[in-house]
Amino acid sequence: MTGTNRTITSKTPFEHRRRAVTAAFAVVALVAATCAPSRWGVETIAGWCFFSTAVVMTAVGALGRLWAGIFIAGRKSTHLVTCGPYSLCRNPLYFFSAVAAVGVSFSTSTFSFPLALCAIFALYYPALIAIEERRLHARHGKAFEEYRRSTPAFWPRLSNYQEPVTYEFPPRVMRKNIVDAVCFWLLLGAGHILAEFHSEGLLPAIWKVW
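Residue numbers (the numbering used here): 256 to 465.
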């Protein structure tokens with residue numbers, strides 16, 4: 256491997272800081288949700304619509320992450336995975352993570368938090384995807400070029416779907432992905448509890464958001 260290829264295939268400082276940046280966003284969101292209750296209320300038709308949307312999106316996102324994680328398990332550095340969820344789009348883990356995270360944000364019974372999260376993803380994901388796809392191109396060359404031509408980067412194309420008859424994955428990956436899914440549900444519960452506390456006047460209301 257040449258020096259140039261080694262640089263391309265190694266993780267960038269941006270990627271190394273990804274977890275720290277994500278944690279920082281989570282803390283800011285938690286503080287904001289604690290101080291900014293919904294103008295719509297919780298025990299209202301709008302409140303129930305928000306919560307129903309949150310449950311459905313979190314379920315789809317968490318299960319989708321589990322599915323995508325199984326297919327990429329142990330193969331990310333060595334194989335170009337193009338079947339299962341990776342036949343729908345090139346970055347199903349990011350897609351389903353976004354769906355789950357936006358779902359969790361709807362548990363605040365607002366539009367403001369989901370819209371803010373979508374804006375953050377719109378700024379954050381394209382740069383991360385570009386870095387990772389340069390690495391995939393360096394590793395897989397023409398095979399990745401063909402995959403990129405036929406498969407969308409982020410939004411799934413259902414007509415593309417292909418799956419193998421059988422597929423092997425390490426059991427530890429299933430355990431890890433189940434833990435990830437549980438974390439999304441815990442966050443959903445936390446968001447709804449904060450909204451309920453606000454409706455009962457148990458938390459400070461610095462400003463109300465739509």
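Note that CB positions come from ideal geometry on N, CA and C, so glycine has one too.
Annotation for serine 367: Ala291, Val464, Trp465 place their beta carbon closer than 8 Å to its own, counting only its chain and skipping 5 residues before and after.
CA-CA distance, glycine 316 to cysteine 338, rounds to 19 Å. Pairwise C-beta distances place the segment 336–355 in contact with the segment 415–432, as three or more of them are shorter than 8 Å. Membership of tyrosine 341 in the alpha helix (DSSP H) is indicated by the continuous run 340–343. Cβ neighbours of tryptophan 322 within its own chain (closer than 6 Å, five residues either side excluded): Pro340.
Taking the CA atoms as reference points, threonine 289 sits about 38 Å from lysine 331. Separation of alanine 445 and alanine 371 (C-alpha to C-alpha, rounded to the nearest whole angstrom) is 18 Å.
Around the beta carbon of threonine 299, a 10 Å sphere encloses fewer than 16 other beta carbons of the protein chains shown; the residue is thus reported as exposed.
Contact between cysteine 373 and valine 357 is confirmed by a C-beta separation of about 6 Å, below the 8 Å threshold. The three-state reading of DSSP puts asparagine 346 in coil, since its state is none of H, G, I, E or B.
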